[in-house]
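Worksheet: one structure, shown below.
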Amino acid sequence: MMAGLRSVLFLIAAVLATGISAEFSPFDMVDEYVRQFKLGMNSLYKWSDAYKTKQYNFDKGEFNTTLALGAAEEYDFIIVGGGTAGLTLAHRLSEEPRWKILVLEAGGLETLITQVPAVQPQLLTTSYTWGYKTCPQKHACLGMEESKCCVIKGKALGGDSSINDLLYTRGHQRDYDIWADTGMKGWCWDNVLPYFKKMENACVKDMDRKYRHYGGPIHLENFEPTEPILAEKFLEAGKHCGLEKIDYNGKEHIGLAIPQVITKHGKRYSVAKAYLNPIVERNNLVILPYSHVTEILISHITKEANGVTYIKDDKLHIAKAKKEIILSAGAINTPQLLMLSGVGPHPILHKVGIDTISDLFVGFNLKDQVSFMGLNFLYEPHHHDEKTHEEENNEVRPPHEALDFRFDGPKFIPNLGLEDDDKVAHNFYNDGQQSQRIERDYKYEGEDAHEKIKWLHSHSDNEIIDYLKYGTGPLSSTGLQLVGFIKTEFSRDRTDYPDIQILLKKTHPKGGCYHFKGYSLKKELQNLLCKPQQGFQVEIVLLHPKSKGTMKLNDVDPYHHPYINPELLSDEDEFDVGTLMAGIKKVLKIVDSPSMKKLDVKLVHEKIPECDQAIFNDEYWKCAIKYLSVARGQITGTAKMGLPTEKEAVVDQDLKVYGVHKLRVADASVIPVSITGNLMAPEIMVAERAADILKECWSIKV
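Read in order, the letters of the sequence shown correspond to residues -22 to -1, 1 to 680 in mature numbering (1 follows the signal peptide of the UniProt record, and there is no 0).
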């Protein structure tokens, strides 16, 4: 009785926070709260379906540089990029009260709706990403529009952590030992493990406690499987094939696991929440969203970086740095900005008319992981093994702390559901500017949302209330059920070093290319592969590609996207394709085990028209890989760390840019190796270590 009363009181309090009239009865208020939540979801989906990347043009002659110089403010450190690495760095550097820190971020703020895990795929086609695409590829992405791979990178405070699949992976010990073996002291596993432990507040099941930590900023939970029978049988099948259940952020890395994700009570807990919210009121920290940096100001005589130019509110601004400038803009934006500022390969800079200050191999050594998205299965869950809806409703629920919405006091603003009393939003936009900006940018055309958004109507009011009250249920998940790391028979490594990651995902029973959202899959393939079905997909991720590519400037306009050519799956010996094929065969072996047969699992027999080989033989899979492989956006190496004698090196082991004083890079672009997993945690680690390097350099006790 008391638990039920607390639930009703919570919902009443939540509804009152929305500003709904007190004339409503408690039940009417609950209905209204759910209705407004649906409105926010509806708006996001309509926006996502109709959004098109805008192309801006920059003409330096239109701006008054003299006026900007006269109004220039001075800071100790300027951080370019308020993403995963940038906000981590801002948190740590602003711990020294004598230092004045400026963070410039091109994107905006998260909202209550964007923090719902289930909407994650929809965020990939909104202004929360940069909308990058590669040039046409020859060996991958042939099933995407124009054979171009989408490169998904976050454009918001929190960066990729605000739009990614929420998965938290540190990588393998060997990744960092290989990194250190290149001569980069201080980056081996023993050096970086303390930073991984420092960042996390691990509230996950079955964790390897020797390697984990409580009390850090990044809150970690498990994605509880929304299809528990499927997850259970897949785990059993994996064990039958030699894959034990593991903590992949602990000592063991070969095996299967319940996903560890950046959520708190079912709500996305991005780096903005973790590192910025607690310190947003520090007087020595200035955060400027919607601020697009156009150039690093570097003296051609002294080779010293002393400031930046940026556009905010359609005006040119200049900020000066007394100590240093740190680029944390990401593996695409950082090299682009370096080249725009005269740091990069001389032939490329000369071609677009930029004077070279430091001739470095910026933009080279681009490596990205590749995902094969063509393994789809049908299955029939045995309903007598599952809990009934009534049984679920009668379960003992978590206590009141199970959802932190009540502490944030959210208010829904129709059309996107902005938390206008969120600490960050309130500090930046207490005049409602954020709401006006969303209204300005939120313009869409197309079919009625009720026809296009099948997903929204698949969630009952009870599921929505369950999510809002307890942070559980389908809305608290992206559909990811399990994560696995395997070493295939194709691997040449002598150690237990995974070469494939597998992601077990539920497909949507009402259809729709849920897991292809953001990748521009061709319409004919959408019709073929995205039919309504009770099924699941196993995504096969190539962790350590041999292929590598480049990126370079198309022109001198900082608003124009650079030329990106990752040359996916292009290695001459076809090692990358062979590894993906070995991963496919491993998954098929798992699915063919007795445990999975209990679910009547069947491989979807939809043949890709361009692949005329016998279906599911080796030659067919080789062809399918070319059509249904996509870029993961886990890019490293574009501002590679290395020794000064190394041809492709851009920064040294202390993250200093070669040939330029007072300029460092701290993000994924410096990482000289491919990481076994996603890059979010390694980027935070780089920023944590960068902060200690800077404190030591400027004589602050670490």
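Ideal Cβ placement from N, Cα and C applies to all residues, glycine included.
(request) Determine the burial state of Phe339: buried for a count of at least 16 other Cβ atoms within 10 Å of its Cβ, exposed for fewer. (result) Using a 10 angstroms sphere on the CB of Phe339, the tally of other CB atoms reaches 16 or more, which defines it as buried.
(message) At the level of alpha carbons, what is the spacing between Ile279 and Gly86?
(response) 36 Å
(message) So Gly228 and Phe463 are supposed to be a Cβ contact under 8 Å. How far apart are they, rounded?
(response) So it is not a contact: roughly 12 Å between Cβ atoms.
(request) Would you check whether the ligand GTP has a heavy atom nearer than 8 Å to the C-beta of Pro540? (result) This structure does not include the ligand GTP; it has no bound ligands of any sort.
(message) For Glu661, report the span of its alpha helix (DSSP H) as first-last.
(response) Following the DSSP letters along the chain, one finds Glu661 inside the alpha helix (DSSP H) bounded by residues 658 to 675.
(message) Rounded to the nearest angstrom, what separates Leu482 and Lys600 at their Cα positions?
(response) 21 Å
(request) Quick one: give me the first and last residue of the alpha helix (DSSP H) that Asn262 is part of. (result) From DSSP, Asn262 is part of no alpha helix (DSSP H); its letter is neither H nor E.
(message) I'd like to know whether the C-beta atoms of Leu521 and Thr654 end up nearer to each other than 9 Å.
(response) yes
(message) Can you list, in chain order, the residues of its chain with a C-beta nearer than 7 Å to that of Lys585? Leave out the 5 residues immediately preceding and following it.
(response) Result list for Lys585: Ile593, in chain order.
(message) Could you check whether the stretch 517 to 537 touches the stretch 314 to 334, counting it as contact only if at least three pairs of C-beta atoms, one from each stretch, sit closer than 8 Å?
(response) yes
(message) Rounded to whole angstroms, what is the Cα-Cα separation between His270 and Ser469?
(response) 43 Å
(request) Could you tell me how far apart the beta carbons of Lys175 and Arg190 are, in whole angstroms, since I believe they sit closer than 8 Å? (result) 7 Å
(request) Could you tell me the boundaries of the alpha helix (DSSP H) in which Ala215 lies? (result) It spans 206 to 218 - the alpha helix (DSSP H) in which Ala215 sits, taken as one unbroken run.
(request) Go to Glu502, then tell me how far its beta strand (DSSP E) extends in each direction, as first and last residue. (result) Per DSSP, Glu502 belongs to no beta strand (DSSP E); it is in the alpha helix (DSSP H), 501 to 507.
(message) Tell me the rounded alpha-carbon separation between Gly615 and Val94.
(response) 32 Å
(request) Rounded to whole angstroms, what's the CA-CA distance from Glu661 to Asn169? Just pull it up for me. (result) Their Cα atoms are separated by approximately 15 Å.
(message) Looking at the strands, I want to know which residues DSSP matches up with Phe514.
(response) Phe355, Lys484
(request) Can you say whether Asn311 is buried or exposed, counting buried as having 16 or more other CB atoms within 10 angstroms of its CB? (result) buried
(request) Starting from Arg70, trace the alpha helix (DSSP H) both ways and give me its first and last residue. (result) 62 to 71
(message) With the cut-off set at 9 Å, would you say Cys113 and Tyr497 are in Cβ contact?
(response) no
(message) Using only CA atoms, which one of Val12, Thr62, Tyr53, Gly18 lies nearest to Ala659?
(response) Thr62
(message) Let's see if you can read the secondary structure: which residues bound the beta strand (DSSP E) around His295?
(response) That run of the beta strand (DSSP E) goes 293 to 305.
(request) Could you tell me whether the stretch 96 to 105 touches the stretch 297 to 311, where touching means 3 or more Cβ pairs closer than 8 Å? (result) no
(message) I need the straight-line Cα distance from Ser525 to Val555, nearest angstrom please.
(response) Here the alpha carbon of Ser525 sits roughly 10 Å from the alpha carbon of Val555.
(message) Just to confirm, is the Cβ distance from Val651 to Arg642 under 9 Å?
(response) no
(request) Alpha carbon to alpha carbon, how far is Ile274 from Lys298? Give it in angstroms, no decimals. (result) 10 Å
(message) So, under 8 Å CB-CB, Ile562 and Phe350 are touching, yes? Tell me the CB distance rounded to an integer number of Å.
(response) 7 Å
(message) Rounded to the nearest angstrom, what separates His362 and Leu577 at their Cα positions?
(response) Since pLDDT at His362 reaches only 39, below the 50 mark, its modelled position is unreliable, and no value is offered.
(message) For Met317, report the span of its alpha helix (DSSP H) as first-last.
(response) Segment 308 to 318, the alpha helix (DSSP H) holding Met317.
(request) Compare the beta carbon distance of Ser72 and Ile257 with 9 Å and say whether it is the shorter of the two. (result) yes
(request) Name the two residues that bound the continuous beta strand (DSSP E) containing Lys290. (result) 283 to 290
(message) Quick check: Arg260 and Pro75, are their CB atoms within less than 9 Å of each other?
(response) yes
(request) Let me know if Lys242 comes out buried or exposed under the rule of 16 or more other beta-carbons within 10 Å of its beta-carbon. (result) buried
(message) For Arg667 and Arg152, I'd like the C-alpha separation in whole angstroms.
(response) Approximately 19 Å, taken between the alpha carbons.
(message) Using the Cβ count rule (16 or more neighbours within 10 Å means buried), how would you classify Gly193?
(response) exposed
(request) Could you give the DSSP three-state label for Gly59: helix, strand or coil? (result) Reduced to three states, the DSSP call for Gly59 is coil.
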